[in-house]
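Residue -16 is where the sequence shown starts when you use my numbering, and the numbers rise one by one after that.
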Amino acid sequence: MHVLVGPPRHGVVRHGQVVAEAGTGQVHASPEPPDPGLVAGRRVIVQFTDRLFGTDAVHAAAVLDRMLAGADRRVVVLHDLPQISDGAAWDRRRAGYARVVACADVVVVSSQHEARLLADLAPGVRPVVIPLPIDPSPYADRAPSVGAAGRAAADPVVGVLGYLYPGKGLEQVIDAVAGLSVRVVNLGTVAAGHEDLLPALAARARAQDIDLTITGWLADAELGAALTAVDVPVAPHQHLSASGSINTWLAAGRRPIAPESSYATELVGRMPGSLRVVAGPGQLRRAIQDAIVQPALTWLDQVAIGPSSAQVAARLEALA
(Lines of atoms letter the chains of each structure in order from A and count residues from 1; the text may use other names and numbers.)
(Lines give C-alpha, C1' and ligand atoms only; values in the text may rest on other atoms or scores of the structure.)
Protein backbone atom coordinates (compact mmCIF):
# COMPACT_ATOMS: atom_id res chain seq x y z
CA MET A 1 0.00 0.00 0.00
CA HIS A 2 1.26 3.49 -0.94
CA VAL A 3 0.46 5.96 1.87
CA LEU A 4 0.43 9.66 1.00
CA VAL A 5 -0.03 12.27 3.72
CA GLY A 6 -0.58 15.99 3.15
CA PRO A 7 -2.26 18.47 0.81
CA PRO A 8 -2.53 17.27 -2.81
CA ARG A 9 -0.56 20.25 -4.15
CA HIS A 10 2.51 19.60 -2.00
CA GLY A 11 5.47 18.46 -4.09
CA VAL A 12 6.12 15.29 -2.07
CA VAL A 13 2.44 14.31 -2.23
CA ARG A 14 2.28 14.98 -5.98
CA HIS A 15 5.43 12.90 -6.46
CA GLY A 16 4.01 10.05 -4.43
CA GLN A 17 0.69 10.17 -6.27
CA VAL A 18 2.36 9.98 -9.70
CA VAL A 19 4.55 7.07 -8.62
CA ALA A 20 1.69 5.21 -6.94
CA GLU A 21 -0.57 5.59 -9.97
CA ALA A 22 2.21 4.14 -12.12
CA GLY A 23 2.44 1.09 -9.87
CA THR A 24 0.15 -1.77 -9.00
CA GLY A 25 -0.37 -1.30 -5.28
CA GLN A 26 -3.31 0.14 -3.39
CA VAL A 27 -3.14 3.89 -2.68
CA HIS A 28 -4.32 5.73 0.43
CA ALA A 29 -4.10 9.53 0.37
CA SER A 30 -5.26 11.79 3.19
CA PRO A 31 -4.50 15.28 4.51
CA GLU A 32 -3.51 13.86 7.91
CA PRO A 33 -1.68 10.66 8.93
CA PRO A 34 -4.15 7.75 8.90
CA ASP A 35 -5.12 5.68 11.89
CA PRO A 36 -2.56 2.93 12.60
CA GLY A 37 -5.28 0.35 12.02
CA LEU A 38 -5.35 1.19 8.32
CA VAL A 39 -1.82 -0.12 7.77
CA ALA A 40 -1.75 -2.86 10.41
CA GLY A 41 -0.53 -6.11 8.89
CA ARG A 42 0.18 -4.46 5.53
CA ARG A 43 3.33 -3.89 3.51
CA VAL A 44 3.52 -0.11 3.29
CA ILE A 45 5.38 2.48 1.19
CA VAL A 46 5.37 5.95 2.79
CA GLN A 47 6.64 9.21 1.33
CA PHE A 48 8.02 11.16 4.30
CA THR A 49 9.01 14.74 4.86
CA ASP A 50 8.83 16.13 8.38
CA ARG A 51 6.69 19.14 7.48
CA LEU A 52 3.78 16.90 6.45
CA PHE A 53 3.67 14.75 9.57
CA GLY A 54 4.15 17.08 12.53
CA THR A 55 4.93 20.43 14.03
CA ASP A 56 8.66 19.68 13.80
CA ALA A 57 10.86 16.73 12.82
CA VAL A 58 10.83 15.06 16.24
CA HIS A 59 7.05 15.27 16.47
CA ALA A 60 6.71 14.09 12.85
CA ALA A 61 8.90 11.06 13.55
CA ALA A 62 6.77 10.10 16.56
CA VAL A 63 3.61 10.39 14.47
CA LEU A 64 5.09 8.19 11.73
CA ASP A 65 6.38 5.64 14.24
CA ARG A 66 2.95 5.35 15.81
CA MET A 67 1.24 5.13 12.41
CA LEU A 68 3.50 2.30 11.22
CA ALA A 69 3.71 0.35 14.48
CA GLY A 70 1.50 -2.49 13.27
CA ALA A 71 2.62 -2.59 9.64
CA ASP A 72 4.07 -5.86 8.36
CA ARG A 73 6.85 -4.14 6.35
CA ARG A 74 7.75 -0.45 6.28
CA VAL A 75 9.39 1.13 3.24
CA VAL A 76 10.00 4.82 3.96
CA VAL A 77 11.03 7.20 1.18
CA LEU A 78 12.80 10.20 2.72
CA HIS A 79 12.58 13.72 1.31
CA ASP A 80 14.13 17.03 2.43
CA LEU A 81 16.87 15.43 4.50
CA PRO A 82 18.49 17.59 7.19
CA GLN A 83 21.37 19.78 6.03
CA ILE A 84 23.54 22.23 7.91
CA SER A 85 21.82 25.01 5.96
CA ASP A 86 18.73 24.29 8.12
CA GLY A 87 20.36 26.50 10.74
CA ALA A 88 18.82 26.37 14.21
CA ALA A 89 16.49 23.52 13.22
CA TRP A 90 19.33 21.24 12.08
CA ASP A 91 19.90 19.28 15.31
CA ARG A 92 16.22 18.67 15.91
CA ARG A 93 15.66 17.65 12.28
CA ARG A 94 18.61 15.23 12.54
CA ALA A 95 17.11 13.67 15.65
CA GLY A 96 13.71 13.33 13.99
CA TYR A 97 15.02 11.74 10.82
CA ALA A 98 17.21 9.35 12.83
CA ARG A 99 14.05 8.10 14.58
CA VAL A 100 12.29 7.73 11.23
CA VAL A 101 15.15 5.59 9.94
CA ALA A 102 14.99 3.45 13.07
CA CYS A 103 11.31 2.62 12.53
CA ALA A 104 11.74 1.65 8.86
CA ASP A 105 12.55 -1.77 7.44
CA VAL A 106 13.82 -0.19 4.20
CA VAL A 107 14.95 3.41 3.75
CA VAL A 108 14.87 4.97 0.27
CA VAL A 109 16.49 8.24 -0.80
CA SER A 110 16.49 9.98 -4.17
CA SER A 111 20.19 10.66 -4.75
CA GLN A 112 23.69 9.62 -3.75
CA HIS A 113 24.00 13.07 -2.19
CA GLU A 114 21.06 12.27 0.08
CA ALA A 115 22.63 8.91 0.91
CA ARG A 116 25.71 10.77 2.15
CA LEU A 117 23.54 13.12 4.22
CA LEU A 118 21.82 10.10 5.74
CA ALA A 119 25.13 8.41 6.55
CA ASP A 120 26.02 11.46 8.63
CA LEU A 121 22.93 11.23 10.84
CA ALA A 122 22.41 7.44 10.85
CA PRO A 123 25.79 5.69 10.47
CA GLY A 124 25.50 2.09 9.39
CA VAL A 125 22.20 2.53 7.54
CA ARG A 126 22.42 1.53 3.89
CA PRO A 127 19.61 3.23 2.01
CA VAL A 128 18.36 2.24 -1.42
CA VAL A 129 18.90 5.06 -3.92
CA ILE A 130 16.04 5.46 -6.42
CA PRO A 131 16.22 8.72 -8.40
CA LEU A 132 13.15 10.91 -8.70
CA PRO A 133 11.12 10.03 -11.81
CA ILE A 134 11.13 12.07 -14.99
CA ASP A 135 8.27 11.51 -17.42
CA PRO A 136 8.07 13.56 -20.63
CA SER A 137 5.46 16.25 -20.09
CA PRO A 138 2.20 15.74 -22.01
CA TYR A 139 1.63 19.49 -22.00
CA ALA A 140 4.91 20.99 -23.22
CA ASP A 141 5.80 21.28 -26.88
CA ARG A 142 9.19 20.05 -28.02
CA ALA A 143 11.79 22.01 -30.00
CA PRO A 144 9.71 25.18 -30.60
CA SER A 145 10.70 27.80 -33.12
CA VAL A 146 12.35 29.96 -30.45
CA GLY A 147 15.04 27.31 -30.29
CA ALA A 148 16.66 28.65 -33.45
CA ALA A 149 20.24 29.50 -32.48
CA GLY A 150 21.33 33.09 -32.76
CA ARG A 151 17.93 34.80 -32.43
CA ALA A 152 17.30 36.50 -29.12
CA ALA A 153 13.77 37.05 -27.87
CA ALA A 154 12.53 40.65 -27.94
CA ASP A 155 11.72 40.59 -24.24
CA PRO A 156 13.47 37.52 -22.81
CA VAL A 157 11.99 35.80 -19.77
CA VAL A 158 14.29 34.24 -17.18
CA GLY A 159 12.24 31.63 -15.36
CA VAL A 160 12.50 29.97 -11.96
CA LEU A 161 10.15 27.12 -11.06
CA GLY A 162 8.43 26.09 -7.86
CA TYR A 163 7.51 27.23 -4.38
CA LEU A 164 9.40 30.20 -2.97
CA TYR A 165 11.16 29.80 0.38
CA PRO A 166 14.53 30.85 1.88
CA GLY A 167 17.38 29.39 -0.16
CA LYS A 168 15.31 29.01 -3.35
CA GLY A 169 17.77 31.34 -5.11
CA LEU A 170 15.45 33.85 -6.77
CA GLU A 171 17.43 36.67 -5.14
CA GLN A 172 20.59 35.47 -6.88
CA VAL A 173 18.79 35.41 -10.24
CA ILE A 174 17.54 38.97 -9.76
CA ASP A 175 21.05 40.15 -8.91
CA ALA A 176 22.59 38.24 -11.82
CA VAL A 177 20.39 39.91 -14.45
CA ALA A 178 20.79 43.47 -13.13
CA GLY A 179 21.25 45.78 -16.10
CA LEU A 180 19.97 43.24 -18.64
CA SER A 181 16.78 43.80 -20.60
CA VAL A 182 14.94 40.77 -19.26
CA ARG A 183 11.93 39.86 -17.18
CA VAL A 184 12.16 37.44 -14.26
CA VAL A 185 9.22 35.11 -13.65
CA ASN A 186 8.74 32.59 -10.85
CA LEU A 187 6.40 29.83 -11.99
CA GLY A 188 4.70 29.08 -8.71
CA THR A 189 3.72 30.62 -5.42
CA VAL A 190 5.27 31.31 -2.06
CA ALA A 191 5.48 28.43 0.41
CA ALA A 192 3.21 28.68 3.44
CA GLY A 193 4.88 30.57 6.26
CA HIS A 194 7.22 32.51 3.99
CA GLU A 195 4.86 35.18 2.72
CA ASP A 196 7.29 37.83 3.97
CA LEU A 197 9.55 36.93 1.03
CA LEU A 198 7.19 38.56 -1.47
CA PRO A 199 7.67 42.24 -0.48
CA ALA A 200 11.42 41.65 -0.01
CA LEU A 201 11.76 40.13 -3.48
CA ALA A 202 9.66 42.89 -5.03
CA ALA A 203 11.85 45.55 -3.40
CA ARG A 204 15.03 43.80 -4.55
CA ALA A 205 13.74 43.66 -8.13
CA ARG A 206 12.71 47.34 -8.08
CA ALA A 207 16.15 48.33 -6.83
CA GLN A 208 17.69 46.53 -9.84
CA ASP A 209 15.01 47.88 -12.23
CA ILE A 210 13.92 44.32 -12.97
CA ASP A 211 10.37 43.36 -13.94
CA LEU A 212 9.50 40.50 -11.53
CA THR A 213 6.37 38.34 -11.73
CA ILE A 214 5.27 35.66 -9.26
CA THR A 215 2.60 33.69 -11.11
CA GLY A 216 1.00 31.91 -8.18
CA TRP A 217 -0.18 28.31 -8.45
CA LEU A 218 -0.41 27.00 -12.03
CA ALA A 219 -2.53 24.04 -13.11
CA ASP A 220 -0.67 21.33 -15.02
CA ALA A 221 -1.65 22.53 -18.51
CA GLU A 222 -0.81 26.14 -17.63
CA LEU A 223 2.51 25.08 -16.18
CA GLY A 224 3.35 23.01 -19.26
CA ALA A 225 2.77 26.02 -21.51
CA ALA A 226 4.77 28.28 -19.19
CA LEU A 227 7.75 25.90 -19.11
CA THR A 228 7.86 26.08 -22.89
CA ALA A 229 7.41 29.86 -23.05
CA VAL A 230 10.29 30.74 -20.70
CA ASP A 231 13.40 31.81 -22.61
CA VAL A 232 16.01 30.95 -19.98
CA PRO A 233 15.20 28.26 -17.39
CA VAL A 234 17.15 28.54 -14.14
CA ALA A 235 17.15 26.19 -11.13
CA PRO A 236 19.00 28.37 -8.62
CA HIS A 237 18.29 26.53 -5.36
CA GLN A 238 21.31 26.90 -3.09
CA HIS A 239 21.10 23.65 -1.09
CA LEU A 240 19.80 20.88 -3.35
CA SER A 241 19.77 17.25 -2.27
CA ALA A 242 17.21 16.14 -4.89
CA SER A 243 15.04 18.34 -7.04
CA GLY A 244 11.57 17.90 -8.42
CA SER A 245 11.77 21.33 -10.06
CA ILE A 246 14.87 20.40 -12.08
CA ASN A 247 13.12 17.21 -13.15
CA THR A 248 10.08 19.22 -14.24
CA TRP A 249 12.29 21.39 -16.47
CA LEU A 250 13.86 18.26 -17.94
CA ALA A 251 10.47 16.63 -18.49
CA ALA A 252 9.49 19.68 -20.52
CA GLY A 253 12.59 19.24 -22.69
CA ARG A 254 14.42 22.18 -21.13
CA ARG A 255 18.06 22.38 -20.02
CA PRO A 256 18.12 24.62 -16.93
CA ILE A 257 21.08 26.55 -15.58
CA ALA A 258 21.95 25.35 -12.07
CA PRO A 259 24.58 26.31 -9.49
CA GLU A 260 27.46 23.95 -8.86
CA SER A 261 26.62 21.37 -6.18
CA SER A 262 27.11 17.74 -5.34
CA TYR A 263 23.61 16.96 -6.58
CA ALA A 264 24.05 18.86 -9.86
CA THR A 265 27.27 16.95 -10.49
CA GLU A 266 25.44 13.70 -9.79
CA LEU A 267 22.64 14.57 -12.22
CA VAL A 268 25.02 15.47 -15.03
CA GLY A 269 26.94 12.25 -14.41
CA ARG A 270 23.72 10.24 -14.72
CA MET A 271 22.24 12.31 -17.58
CA PRO A 272 25.10 14.00 -19.50
CA GLY A 273 24.04 17.30 -21.04
CA SER A 274 20.98 17.70 -18.83
CA LEU A 275 22.14 20.88 -17.04
CA ARG A 276 24.38 23.86 -17.56
CA VAL A 277 26.26 24.02 -14.27
CA VAL A 278 27.72 27.35 -13.16
CA ALA A 279 29.95 28.44 -10.31
CA GLY A 280 29.15 31.82 -8.79
CA PRO A 281 27.14 34.88 -9.86
CA GLY A 282 29.48 35.85 -12.69
CA GLN A 283 29.06 32.51 -14.44
CA LEU A 284 25.31 32.60 -13.83
CA ARG A 285 25.04 35.98 -15.56
CA ARG A 286 27.16 34.83 -18.51
CA ALA A 287 25.12 31.62 -18.86
CA ILE A 288 21.88 33.65 -18.95
CA GLN A 289 23.34 35.97 -21.58
CA ASP A 290 24.52 33.00 -23.65
CA ALA A 291 21.08 31.42 -23.47
CA ILE A 292 19.38 34.63 -24.64
CA VAL A 293 21.62 34.78 -27.70
CA GLN A 294 21.56 31.01 -28.34
CA PRO A 295 18.13 29.68 -27.29
CA ALA A 296 19.05 26.18 -28.45
CA LEU A 297 21.28 25.93 -25.38
CA THR A 298 18.13 25.79 -23.23
CA TRP A 299 16.60 22.77 -24.97
CA LEU A 300 17.59 19.15 -24.52
CA ASP A 301 18.93 17.43 -27.61
CA GLN A 302 19.44 13.66 -27.58
CA VAL A 303 19.60 13.60 -23.78
CA ALA A 304 18.19 10.42 -22.25
CA ILE A 305 16.14 11.33 -19.17
CA GLY A 306 14.72 9.03 -16.52
CA PRO A 307 13.87 6.89 -14.70
CA SER A 308 10.16 6.84 -15.51
CA SER A 309 7.47 6.80 -12.85
CA ALA A 310 6.66 3.21 -13.77
CA GLN A 311 10.29 2.20 -13.23
CA VAL A 312 10.40 3.97 -9.85
CA ALA A 313 7.10 2.38 -8.79
CA ALA A 314 8.33 -1.08 -9.77
CA ARG A 315 11.53 -0.66 -7.75
CA LEU A 316 9.65 0.60 -4.69
CA GLU A 317 7.03 -2.13 -4.81
CA ALA A 318 9.75 -4.77 -5.15
CA LEU A 319 11.14 -3.55 -1.81
CA ALA A 320 7.80 -3.79 0.01
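Glycine is no exception: its CB is placed at the ideal position from the N, C-alpha and C atoms.
Predicted model, so just to flag it, every value in this text is computed and none were measured.
{"Asked": "Beta strand (DSSP E) runs wholly inside the segment 236 to 291, at least 3 long, in chain order", "Found": "240 to 242, 259 to 261"}
{"Asked": "Selected residue, minimal CA-CA separation from Asp33, among Arg25, Gly20, Gly24, Leu47", "Found": "Leu47"}
{"Asked": "Residue nearest to Ala225 in terms of C-alpha spacing, selected from Pro121, Ala247, Ala72, Ala234", "Found": "Ala247"}
{"Asked": "Helix, strand or coil at Gln30 according to DSSP, with G and I counted as helix", "Found": "strand"}
{"Asked": "Leu201 vs Ala235 beta-carbon contact at 8 Å", "Found": "no"}
{"Asked": "Neighbourhood of Ala301 by C-beta distance below 6 Å, restricted to the same chain and skipping five residues each side", "Found": "none"}
{"Asked": "Euclidean distance between Cα positions of Gly20 and Met(-16)", "Found": "13 Å"}
{"Asked": "Residues near Ala188 by beta carbon distance below 8 Å, same chain, minus five either side", "Found": "Ile157, Val167, Asp194, Leu195"}
{"Asked": "For Ala202, the first and last residue of its enclosing alpha helix (DSSP H)", "Found": "Segment: none, Ala202 is in no alpha helix (DSSP H) and carries neither H nor E."}
{"Asked": "Val251 beta carbon less than 8 Å from that of Val260", "Found": "yes"}
{"Asked": "Buried or exposed (CB count within 10 angstroms, at least 16 for buried), Thr281", "Found": "buried"}
{"Asked": "Reference Gly199, options Arg238, Val143, Pro106, closest by Cα", "Found": "Val143"}
{"Asked": "Inter-residue Cα distance where the pair is Gly24 and Pro110", "Found": "23 Å"}
{"Asked": "Neighbour-count burial assignment, Val276, 16 or more Cβ in a 10 Å radius", "Found": "exposed"}
{"Asked": "Endpoints, beta strand (DSSP E) assigned at Leu100", "Found": "Segment 95 to 104 is the alpha helix (DSSP H) holding Leu100; no beta strand (DSSP E) there."}
{"Asked": "Cutoff 7 Å; reference Leu181; Cβ partners in own chain excluding five residues on either side", "Found": "Val173, Ile197"}
{"Asked": "Sub-8 Å separation of Ala43 and Gly79 beta-carbons", "Found": "yes"}
{"Asked": "contact_flag[the segment 85 to 99, the segment 146 to 164] where n(CB pairs < 8 Å) is 3 or more", "Found": "no"}
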